[in-house]
Amino acid sequence: MLALLLLLSGAVAALALWLWLKRDRKYQSSESVAAAYDAWTDDRLLERLWGDHVHLGHYGDPPRHHDFREAKAAFVHELVRWSGLDQLPAGSKVLDVGCGIGGSARILARDYNLDVVGISISPAQVARATDLTTQGLSCRFEVMDALDLQMADHSFDAVWSVEAGPHMPDKQRYADELLRVLKPGGLLAVADWNRRDPSDGAMTKTERRVMRQLLNQWAHPEFASIAGFQQNLETSHYSQGGISTDDWSQATLPSWIDSILEGVRRPRAVLGLGPKAVVQGLRETPTLLLMHWAFATGLMQFGVFKLKRH
Ligand SMILES: C[S@@+](CC[C@H](N)C(=O)[O-])C[C@H]1O[C@@H](n2cnc3c(N)ncnc32)[C@H](O)[C@@H]1O
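The sequence shown begins at 107 in my numbering and counts up by one.
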């Protein structure tokens, strides 16, 4: 019996590894990003394991033990405080660019009385975000491309964008669009997965191999560096400077291993979705481990960016 179980587990792990190696989700266009998120949303695996936030948690600096989902909510509150969104008057209009299934938007609306519009390239995410939002909460969701926002200039009191940047093929245009729709006096809050700036050391051969997987597995065309995206914001036609950045790599690092452990802590969340979900969960594991390694060694950095528009 034990031998059969071991054989079966080995076969599932081998299938997952084969899928990881042979069938990546390389960035091709914004349609390929939308398709990847539609699939991740429709299979419900991410949501059952991670809740309604598709971003890392904040564990404090130095990191302390936290429940993964609580750390994700804590992340939103940390970014709100750091960027000053908690100072906005009730009813201020906020745009959440790359809103996932609306976890951050609902916190901004519920806990800070803000009026939030979330946009995502993924129709399945927008449908799910709308389903998860109770009536009376001031937030709504639309399918839209962050690089072509169908919003008037100067129309938001704040613009919020968490972990959407790695999917943007044109970082300058992303920065321009974020700033274009921001009112004078408005606040920008961005959090991003960034690569080490080339001026801080070229990638080694091993790092280049790892980087290729980090890009190709999850539909990322390229990662900006913190200095690189700061420059995109500074040189934007819509910018007047005043950008501050920070590196939250340490405070968010436990998220990668927690992402894997959630499957062990909540086995029914995975098993309840059937054998396909087990293979899918295992398939994401090597990328999660590589992400942990890359953020732990400094190949990747978790950058945050804020400014107040003059
Ligand atoms: C890692 S998820 C983060 C989701 C959300 N910000 C959160 O924190 O839960 C990246 C998000 O960026 C969105 N995205 C990627 N490319 C986009 C684009 N070109 N336009 C709009 N949204 C995009 C994805 O659909 C997804 O919602």
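Here a beta-carbon is modelled for each residue, glycine too, at the ideal position from N, C-alpha and C.
>> For a test of your reading of the model: does the CB of G209 fall under 7 angstroms from any non-hydrogen atom of ligand 1? Yes or no.
In response: Stepping through the sequence shown from its first residue, residue 209 is reached at position 103. The answer is yes for G209.
> For H159, which option in L379, L413, S365 has the closest C-alpha, if you only look at C-alpha atoms?
Replying inline: One-based indexing of the sequence shown puts residue 159 at position 53. The option with the nearest alpha carbon to H159 is S365.
>> Assess contact between the segment 355–375 and the segment 177–197, defined as three or more Cβ pairs (one per stretch) separated by less than 8 angstroms. Is contact present?
In response: These segments touch.
>> Alpha carbons only, please: which of D353, P272, Q356, T391 is nearest the one belonging to V370?
In response: One-based indexing of the sequence shown puts residue 370 at position 264. For V370, the closest alpha carbon among the candidates D353, P272, Q356, T391 is that of T391.
> Just reading off the alpha helix (DSSP H) that M397 is part of, what are its end residues?
Replying inline: To locate residue 397, count along the sequence shown from 1; it is residue 291. Per DSSP, M397 belongs to the alpha helix (DSSP H) from 381–403.
> Less than 7 angstroms between the CB of L238 and some heavy atom of ligand 2, yes or no?
Replying inline: Only ligand 1 can be found as ligands here, which leaves ligand 2 out of the picture.
>> For ligand 1, I want to know if V296 counts as a neighbour, meaning its beta carbon is within less than 7 angstroms of at least one of the ligand's heavy atoms.
In response: Here residue 296 corresponds to residue number 190 of the sequence shown, with the count starting at 1. No, the Cβ of V296 stays beyond 7 angstroms of every heavy atom of ligand 1.
>> By DSSP's criteria, D221 is part of a beta bridge. Which residues make up the other side?
In response: Start at 1 with the first residue of the sequence shown, and residue 221 comes out as number 115. K199.
>> Check for me: the beta strand (DSSP E) holding S267 runs from which residue to which?
In response: As a working mapping, residue 267 is identified with position 161 in the sequence shown. Taken as a continuous stretch (DSSP letters only), the beta strand (DSSP E) holding S267 covers 262–268.
> Quick one: does the C-beta of M257 sit closer than 7 angstroms to a heavy atom of ligand 1?
Replying inline: As a working mapping, residue 257 is identified with position 151 in the sequence shown. For ligand 1, not one heavy atom lies less than 7 angstroms from the Cβ of M257.
> Going along the chain, which residues of its own chain have a beta-carbon closer than 8 angstroms to the beta-carbon of E269, five neighbours each way excluded?
Replying inline: The residue labelled residue 269 in the question sits at position 163 within the sequence shown. Here the set comprises V160, H161, L162, G204, A297, D298, W299.
> Is Q256 buried or exposed, if buried means 16 or more other CB atoms sit within 10 Å of its CB?
Replying inline: Counted from its first residue, the sequence shown places residue 256 at position 150. So Q256 counts as exposed.
> Is E153 near ligand 1, in the sense that its beta carbon is under 7 angstroms from a heavy atom of that ligand?
Replying inline: On the sequence shown, position 47 is the one that residue 153 refers to. Checking every heavy atom of ligand 1 against the Cβ of E153, none is found closer than 7 angstroms.
> So, helix, strand or coil for S361, using DSSP?
Replying inline: Here residue 361 refers to the residue found at position 255 when the sequence shown is read from its first residue. Secondary structure at S361: helix, using DSSP grouped into helix, strand and coil.
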